[in-house]
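Shown next, in structure tokens, is the structure this report addresses.
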């Protein structure tokens, strides 16, 4: 991650930096758990999930420039797939399946990626010839449709259990080790959230790796070409339809995997976790962090998961200290500041908090004409 | 057959509300090429402001329609000021930024407005007092009450007024010019910035009217009511052909009809498998169908891809 900016660095420094980062990441749950309590390790687990989601959406929005406001639907598909295939729930609707399906994670996650990717293609195929803002609204509608169906598919066959959601989902287990319990390793007890931390960290690193490789690949360059100017890209021999579909499918499959991990982690899924607000949240991570810039997106993911949590815990006591009572409930304050942050960041840093070097240059020199393809749609 | 006419009546009432909100989207899009995502929240602010005024006056012995009118008179300036401010703060500085930027600020504005209104009005569903007599009139076997008649009439009058404003007045001509080509309009002496502000203000006034109507119609108001309404109204605008005023009205009424007929009959059509709890799905299906089959909408002109 440290060498992405294209500057030449001493390889020994880079190696030392990578090692240091690796040690820091490996020890993070212990440091956080000891310093701030185990609840914060859980928050970090969620941060990792959101980073995966943000990186997935970054492929669609950041690389290919297709604005997707219903991205959380793919997360939902992954999560519900895991929930159905790894819980006693289906036995209720189909008695022949008793005691429900309990597939291993190795079968579910790839299937989740595949199914979510297929949903991505289903969504993408009819909508790809639409222009930017229309695409945003259609994807938004798609996300809501998925949520409404999950809310209501408890009749006539109880598939999703409606608004109550699916409970008693098996915790993720790998090689006989269940992540739902504390694990003893050489006398050190690793609580469940620590185990999930390492699992999610591994998955996130994999997603980061795939993202970086994609960005530099032929496909990644084709995406950027489409983002910058679709007609020119087409003229250069890029099959824009297939490449855009691929972006949708790739982004969706990342979301599907993250959704599966989420379901195993929570052991409970309900439509409430997949509202439009969540899609917006992930989009904000991508945009605030710096669209198309992988370190920026990671930073956005961490920031937007930790900041609201910090406000949730910190806002009450601070207000009591300042005014003697809680004037604004922390939950509202959190959303209020979040909204204000969105506005202010866009006004003062429209390229995001940590944009890539190329994009920063574009914005600096964008006096006469906006370089990016989206902006050129109007005049 | 009675149900059919009843659903048509309900659809028309709902549709005229959608049409009013859709006009706000379509006017802004026509000039700026921007989806004003915060427009639904303006409707919500209008509804809650009107609700407070109506509640304060409901014990005063004034006749119901007068109270409703006073509520409207209070809500319209508030919404106008709000629309003006939103444009100034969230959109104007980003006129030349990439297209995603104003979308994000709009989402930010929505969140802020919702939270502020929630702090002021609470997070519970507020009931809207009944201002009109509830006794229904019979119309070809269907029931329609005074409130519903009022909604359709007021919405129709407002839209007629808007058309006059846009087609017959000087500022209306400037609006059309700015929508056609902002750069050229400003060369011809049109103050485009002022026209854009004016557009937002007019759209917000319509939103205030719609806000009062929707909360009176469902006798409920809530800080999060704006989002879904805004989304459906946007669908209506797209259905009619975004940027086209007549299209927004047509789209609004059509969407209202589709939704109420759809949710009225879906249960019969599917043998009880799908119920009216799928009503919100219709708007989106319509939206997707329109965009796939006829992306320029019913009344939109075929625009060539400007790349």
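Protein chains in written order, with my numbering: chain Y, 754 to 1132; chain V, 7 to 313. Ideal Cβ placement from N, Cα and C applies to all residues, glycine included. None of these values were measured; they are calculated from a predicted model.
Asked                                                                                                                    : Found
Cβ neighbours of residue 298 of chain V in the same chain (closer than 7 Å, five flanking residues each side left out)   : none
Beta carbon proximity, residue 283 of chain V to chain Y, threshold 8 Å                                                  : yes
Minimum C-alpha distance to residue 973 of chain Y - residue among Y:812, Y:793, Y:890                                   : Y:812
Span separating the alpha-carbon of residue 34 of chain V from that of residue 204 of chain V                            : 10 Å
Residue-level contact to chain Y via CB, residue 226 of chain V, 8 Å cutoff                                              : no
Below-8 Å beta-carbon distance, residue 1099 of chain Y vs any chain V residue                                           : yes
Selection from Y:883, Y:1043, Y:1033, Y:784 that minimises the alpha carbon distance to residue 1110 of chain Y          : Y:1043
Residue 1055 of chain Y versus Y:991, Y:1107, Y:870, residue with shortest Cα-Cα distance                                : Y:1107
Residue span of the beta strand (DSSP E) that contains residue 943 of chain Y, given as start and end                    : 941-943
Any C-beta of chain Y under 8 Å from that of residue 332 of chain V                                                      : The requested residue 332 of chain V does not occur in the structure, where chain V is confined to residues 7 to 313.
Between the CA atoms of residue 775 of chain Y and residue 211 of chain V - distance to the nearest angstrom             : 57 Å
Own chain, CB closer than 7 Å to residue 48 of chain V, minus 5 neighbours either side, in chain order                   : 85, 88, 89, 210, 213
Residue 217 of chain V beta carbon less than 8 Å from that of residue 17 of chain V                                      : no
Alpha helix (DSSP H) runs contained entirely in the region 127-209 of chain V, provided each spans 4 or more residues    : 152-174, 176-186, 188-193
Exposure label - residue 109 of chain V; buried when at least 16 CB within 10 Å                                          : buried
Proximal residues to residue 71 of chain V (C-beta, below 8 Å), its chain only, five neighbours per side dropped         : 137, 138, 156
Residue 305 of chain V: CB within 7 Å of a non-hydrogen atom of the ligand FAD                                           : Ligands displayed in this structure: none; no statement on the ligand FAD is therefore possible.
The region 850-870 of chain Y in contact with the region 1071-1091 of chain Y per 3-pair CB rule at 8 Å                  : no
DSSP-derived helix/strand/coil call for residue 922 of chain Y                                                           : coil
Counted within 10 angstroms of its Cβ, other Cβ atoms place residue 994 of chain Y as buried (16 or more) or exposed     : exposed
Segment contact, 8 Å Cβ cut-off, at least three pairs: the region 970-984 of chain Y with the region 996-1016 of chain Y : yes
Beta-bridge pairing of residue 840 of chain Y - partner residues as DSSP gives them                                      : Y:854
Whole-angstrom distance between residue 875 of chain Y and residue 241 of chain V, CA atom to CA atom                    : 21 Å
Closer than 8 Å to chain Y by CB, residue 310 of chain V                                                                 : Reliability fails at residue 310 of chain V, whose pLDDT of 42 lies under 50, so the model's placement of it is uncertain and the value that follows must be treated cautiously. Judged by the 8 Å Cβ criterion, residue 310 of chain V is not in contact with chain Y.
Collapsed DSSP secondary structure at residue 226 of chain V in the structure displayed                                  : strand
For residue 163 of chain V, the nearest candidate out of V:174, V:134, V:226, V:26 (CA to CA)                            : V:26
Residue-level contact to chain A via CB, residue 124 of chain V, 8 Å cutoff                                              : Protein chains Y and V are contained in the structure displayed, whereas chain A is not.
When V:237, V:261, V:234 are compared against residue 246 of chain V, the one with the closest alpha-carbon              : V:261
Any C-beta of chain V under 8 Å from that of residue 880 of chain Y                                                      : yes
Which residues DSSP lists as bridging residue 927 of chain Y, in chain order                                             : Y:930
Closer than 8 Å to chain V by CB, residue 1037 of chain Y                                                                : yes
Proximal residues, the region 906-925 of chain Y versus chain V, C-beta separation under 8 Å                             : 908, 909
Through-space distance from residue 830 of chain Y to residue 943 of chain Y, alpha-carbon basis                         : 30 Å
Endpoints, alpha helix (DSSP H) assigned at residue 937 of chain Y                                                       : Unbroken run through residue 937 of chain Y is the beta strand (DSSP E), 936-938; no alpha helix (DSSP H).
Residues in the region 73-96 of chain V having any Cβ partner in chain Y nearer than 8 Å                                 : 95, 96
Interface residues of the region 105-117 of chain V facing chain Y [CB-CB below 8 Å]                                     : 105, 106, 107, 108, 109, 110, 111, 113, 114, 115, 116, 117
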